[in-house]
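S.K.: Under our numbering, read the sequence shown as residues 111 to 263, first letter to last.
Sharing a structure below in C-alpha cells format, with a few things to ask.
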Amino acid sequence: MFGQGTTLTVHPKIKDPNPTVYQLRSPESSNTSVCLFTDFDSNQINLTQIGGYEWNMVHKTDSTVLNMEILGSKSNGIVTWGNTSDSGCKNTFNESIKFLLNSGIPCDAKLVEKSFETDVNLNSQNLSVIVFRIVLLKVVGFNLLMTLRLWSS
C-alpha cells in the first residue's frame, strides 16, 4: 500500500486506568448495597474474598463481565450485591485501590429526570420523519386505489 520497504508502526497512547470500586446503597435500606468493580487486571482480584464473612448473603457474577486478559487490557468488571452494608467491596483486591462511596447521593432515576432536557432540533426532526412517513403511506394508498379502479373498469 505504501510501497516496498515502508513500515507503519502505531503506538497507542491509551493508558490502563486504575481499578476502582463503586458502591451504591439503597436510600430505603442501609443493609442493601451494590458494588461495581471496574478496570482491574485478572491477577489483581481474589474472587474468594468477595462477600466477606457473610458469603451466603452476597450475590456475585461467577466470572468477569468483560474478560480482556487475552488482549492484555485491564477492562474487566464484576458486579456484586447483597444484604450486607458493603457486600465485600473493601477487601476484594489484592492491592490497595480507590474505593468510592456513594457520597450521600441516592441512586434515584427521578433525580436524573428533573435535569433531563430534550433537544428541540431532534424533536422536530423526529416529527418531520413521522409526517413524511404518513404522507408516503397516503400517496402509496392513493396510487394503489387509483390503479385498482382503472384495472376494474
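All residues carry an ideal CB built from backbone N, CA and C; glycine is no exception.
Does isoleucine 244 come out as helix, strand or coil in the three-state DSSP assignment?
M.R.: Three-state DSSP puts isoleucine 244 in a helix.
S.K.: What does the alpha-carbon distance come out to for the pair asparagine 233 and leucine 246?
M.R.: Cα to Cα, asparagine 233 sits roughly 20 Å from leucine 246.
S.K.: Across which residues does DSSP place valine 189 in a beta bridge pair?
M.R.: Note: valine 189 sits in a beta bridge opposite Leu146.
S.K.: Which of the three DSSP states is assigned to glutamine 133 in this structure?
M.R.: Strand at glutamine 133.
S.K.: For phenylalanine 147 and glycine 113, which I take to be in contact (beta-carbon distance under 8 Å), what is that distance rounded to the nearest angstrom?
M.R.: 48 Å between Cβ atoms; not a contact.
S.K.: Just how far apart, CA to CA, sit phenylalanine 252 and glutamine 235?
M.R.: Each residue's Cα considered, the two are about 26 Å apart.
S.K.: Give the straight-line distance between the Cα atoms of asparagine 166 and cysteine 145, rounded to the nearest whole angstrom.
M.R.: For asparagine 166, the predicted model reports a pLDDT of 41, less than 50, meaning its position is unreliable; a value from the coordinates is still stated below. If I take the Cα positions, the gap works out to 16 Å.
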